[in-house]
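Here's the structure we're looking at; comments come further down.
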Amino acid sequence: MAEKKDFLQGKKPVTFVDLFAGAGGISEGFMQAYTDHNYYDFVLASDINENCELTHRVRYNEQLGLDTEFITEDIMSPDFLTRLQKALAGKQVDVVTGGPSCQSFSLSGRRKHFDKRDGLFNHYLKVIRALRPKYFVMENVKGLLTKDNGRFKVEIMREMRSIIDDKAVGTFFVFVDRLLKKSGSTFFNKAFAAKLRMEIDGNEEQANKDKEQFFDLLEDQLRKATSKIDYRISKSDRYISTIRHGLKLLRRNEQREKITADIINEKTVSNIDNDMFTEKFNAFLATISDEEITKQILFSIDQVADLKKTGADAEELKQAIDLYSFSLDECFDELRKMSAANGMEEEYEHVMRQIRLYNVEQMVLISSDYGVPQNRERVVFIGSRNDQKPVKSIPATVKKEDRVTVYEAISDLDYIGNGEVSTSYGTPPANPKYDGLIRKRLVDGEFAEDGKTFAEWSKAGRLSHRFDFDCKPFYVKDKNELHGKMNFGTEELFNHQTSAQNETVKRRLQVIAEHGGYTDECKAKLKELGLESNKRNYFVLKADGQSPTVVTMPDDFIHYSSFRAMTVREMARLQSFDDSFVFQGKRQTGGDKRKSEIPQYTLVGNAVPPLMSRAIGNEILKNIE
8 MAEKKDFLQG KKPVTFVDLF AGAGGISEGF MQAYTDHNYY DFVLASDINE NCELTHRVRY
68 NEQLGLDTEF ITEDIMSPDF LTRLQKALAG KQVDVVTGGP SCQSFSLSGR RKHFDKRDGL
128 FNHYLKVIRA LRPKYFVMEN VKGLLTKDNG RFKVEIMREM RSIIDDKAVG TFFVFVDRLL
188 KKSGSTFFNK AFAAKLRMEI DGNEEQANKD KEQFFDLLED QLRKATSKID YRISKSDRYI
248 STIRHGLKLL RRNEQREKIT ADIINEKTVS NIDNDMFTEK FNAFLATISD EEITKQILFS
308 IDQVADLKKT GADAEELKQA IDLYSFSLDE CFDELRKMSA ANGMEEEYEH VMRQIRLYNV
368 EQMVLISSDY GVPQNRERVV FIGSRNDQKP VKSIPATVKK EDRVTVYEAI SDLDYIGNGE
428 VSTSYGTPPA NPKYDGLIRK RLVDGEFAED GKTFAEWSKA GRLSHRFDFD CKPFYVKDKN
488 ELHGKMNFGT EELFNHQTSA QNETVKRRLQ VIAEHGGYTD ECKAKLKELG LESNKRNYFV
548 LKADGQSPTV VTMPDDFIHY SSFRAMTVRE MARLQSFDDS FVFQGKRQTG GDKRKSEIPQ
608 YTLVGNAVPP LMSRAIGNEI LKNIE
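Under the working numbering, residues 8 to 632 are what the sequence shown spells out, in order.
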């Protein structure tokens, strides 16, 4: 496989890294994106699962001939960032993409407290802070916007906007020092300055020193506030002891974070959920959280009558302890109030424009707006470094009335029967009812008389403009088979296999399809016929419309005319993957194994649609400098 010289001529490579890569939906879309001046150089991908790595290596290293690195490791691992930087070997990264696991954010299913996936975005941002790319993209389900009544989204935005431009740190603290002097040299101001330095100092050793200084100030203030309390009472009072011990617990946050991570991991490994252990585990995790410890300290201060008599000393102590839980963005809000009170608000705004490294835009994208035959909605956060043009929107490439239909996407694959596998293209049954839906389009879905149909694009591949395909697609079960890949390059079509469903299941799907969906009336009919099911969802695809969000369960969708579950290839078409993109490993697994083995259906269902990713990638290329 070789890249075409005429494609590369006159274009500058823009390097990108894909974290939480999964099947490679973002990677595939970015590889399709280009302008007259730029194209993407795929440097590195990462995911925790080996089957994701296998699928990537076959596609990008073997089939396309790229030198893309792949790291198979949990991004929450203490050594991940070090390993990532070593793999990059000093190479500049222009764009970082990633979609942290979205299941705990999803509006469907049970949400889990203290799910380790909720913290993944923080580790994603650690990579952003370390690499400081020109742009970053974070994708997730729309449900993230409403999780915890919107609190989660606010937290994410605060963290993204709190990434600091190192070059502006000196100027920032000159301003802070002048402001604090003008405000008076109070204990709170000293603690505030220590908190800011703790959050902003990029050097870990210095940040730890700042943290120690912060807690030294708090403990000094506590000693001052309790100095007039009888010694015996001071040493024995339950509430005063709670304050002292609480401050020590807060100081040791790294140790508690490790305990928390270990317990959450144990919960995940042991599948603790919806059982007698769940509440107890979550209660303990809540008890050792910064939020709960701070709450107990502040409550205890209010219970000590002698502390109340100290007036300002106790009140400032409370304010400073509360300050510890502030995000950097909340600290900036406090700084704004102080600036306004001292007539320095204009200078504050100037300094803040310099100190924030990224401008962040949040947008909700619908896949069908970009040539994908699916109404999949995703929230996308795009961070533009302050020396780059901001990307504020991703314009649709397809008008609402011109969206690609399910029939356009998969009708040419409808020649396969129950329990069959096809390794070559067949002849689908004629269906004059929908013939008018087959239309010519450009690669991004826009109508064009000289274009190709969606099926033709899928067969020819949307990367044919960039690569000479001299290596045929192939399939392997595991990495051990990669060395014998030449033995697997004889088939024309991959991942097109139906499950062998028994007569009961076949009849059930037909009844659901005839009712137009899994309605209450349908459920009553199924019960009458002895065909009832414990499944919560069945979706009957509409040939002349778009698919709902593709999921990881093959029998959730019912084919619009064949009344059967979908094949991996058909699901991939609905996601806008080309037929040359082969999903590796097991086709499907049962139960909880889907979480660890990541079979083909899961790879497809969790992926970002490449054509939507292509639109995002193109918009960045138009603006990057």
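Glycine residues also receive a C-beta, built at the ideal position from the N, C-alpha and C atoms.
Here the structure is a predicted model, which means the values were calculated and not measured.
Using a 10 Å radius around the Cβ and a threshold of 16 neighbouring Cβ atoms, would you call residue i buried or exposed?
i, result
"residue 109", "The predicted model places residue 109 with a pLDDT of 48, which falls under 50 and marks its position as unreliable; any figure quoted below should be read in that light. With 16 or more other Cβ atoms within 10 Å, it is buried."
"residue 287", "exposed"
"residue 635", "Outside the shown range of the chain, which is 8 to 632, sits residue 635, and nothing can be said about it."
"residue 102", "buried"
"residue 27", "buried"
"residue 277", "exposed"
"residue 586", "buried"
"residue 119", "Residue placement at residue 119 cannot be trusted, given a pLDDT of 44 that sits under 50; what the coordinates show is reported in the next sentence. So residue 119 counts as buried."
"residue 628", "buried"
"residue 306", "exposed"
"residue 230", "exposed"
"residue 507", "exposed"
In whole angstroms, what is the alpha-carbon distance linking residue i and residue j?
i, j, result
"residue 474", "residue 84", "36 angstroms"
"residue 470", "residue 553", "24 angstroms"
"residue 513", "residue 570", "7 angstroms"
"residue 293", "residue 91", "32 angstroms"
"residue 52", "residue 106", "12 angstroms"
"residue 483", "residue 11", "27 angstroms"
"residue 164", "residue 332", "16 angstroms"
"residue 6", "residue 94", "Because the chain is modelled from 8 through 632, residue 6 falls outside the range shown and cannot be assessed."
"residue 304", "residue 233", "15 angstroms"
"residue 79", "residue 24", "14 angstroms"
"residue 583", "residue 392", "30 angstroms"
"residue 668", "residue 389", "The chain is shown only over 8 to 632; residue 668 falls outside these bounds and no answer can be derived."
"residue 463", "residue 445", "11 angstroms"
"residue 212", "residue 219", "11 angstroms"
"residue 561", "residue 574", "7 angstroms"
"residue 437", "residue 169", "58 angstroms"
"residue 123", "residue 610", "For residue 123, the predicted model reports a pLDDT of 48, less than 50, meaning its position is unreliable; a value from the coordinates is still stated below. Using only the alpha carbons, I get a separation of about 20 angstroms."
"residue 72", "residue 595", "28 angstroms"
"residue 148", "residue 384", "7 angstroms"
"residue 378", "residue 349", "54 angstroms"
Residue i lies in the alpha helix (DSSP H); which residues open and close that run?
i, result
"residue 612", "607-612"
"residue 36", "32-39"
"residue 275", "260-276"
"residue 634", "A question about residue 634 goes unanswered here, because the residues of the chain that appear run from 8 up to 632."
"residue 580", "575-582"
"residue 83", "Per DSSP, residue 83 belongs to no alpha helix (DSSP H) and is neither H nor E."
"residue 223", "211-233"
"residue 522", "No alpha helix (DSSP H) contains residue 522, which DSSP labels as neither H nor E."
"residue 72", "Taken as a continuous stretch (DSSP letters only), residue 72 belongs to no alpha helix (DSSP H), as it is neither H nor E."
"residue 194", "194-207"
"residue 309", "297-310"
"residue 628", "617-630"
"residue 292", "285-294"
"residue 339", "335-348"
Give me the Cβ distance between residue i and residue j, rounded to the nearest whole Å; I'm assuming they're in contact under 8 angstroms.
i, j, result
"residue 297", "residue 342", "At roughly 21 angstroms, the Cβ-Cβ gap does not stay under 8 angstroms, so residue 297 and residue 342 are not in contact."
"residue 151", "residue 386", "6 angstroms"
"residue 395", "residue 630", "7 angstroms"
"residue 242", "residue 221", "Wrong, their Cβ atoms sit about 25 angstroms apart, outside the cutoff."
"residue 449", "residue 458", "5 angstroms"
"residue 505", "residue 572", "7 angstroms"
Consider the Cβ of residue i: report whether some Cβ of chain D lies at a distance smaller than 8 angstroms.
i, result
"residue 20", "The chain labelled as chain D is not found in the depicted structure, where only one protein chain is given."
What did DSSP end up calling residue i once you bin it into helix, strand or coil?
i, result
"residue 20", "strand"
"residue 51", "strand"
"residue 141", "coil"
"residue 10", "strand"
"residue 388", "strand"
"residue 415", "helix"
"residue 474", "strand"
"residue 504", "strand"
"residue 362", "helix"
"residue 487", "helix"
"residue 183", "helix"
"residue 540", "coil"
"residue 163", "helix"
"residue 190", "helix"
"residue 459", "strand"
Assuming residue i is part of the beta strand (DSSP E), what are its boundary residues?
i, result
"residue 595", "Note, residue 595: premise wrong, no beta strand (DSSP E); not H, not E."
"residue 370", "365-373"
"residue 383", "Looking at the DSSP string, residue 383 is not in any beta strand (DSSP E), and its letter there is neither H nor E."
"residue 77", "76-79"
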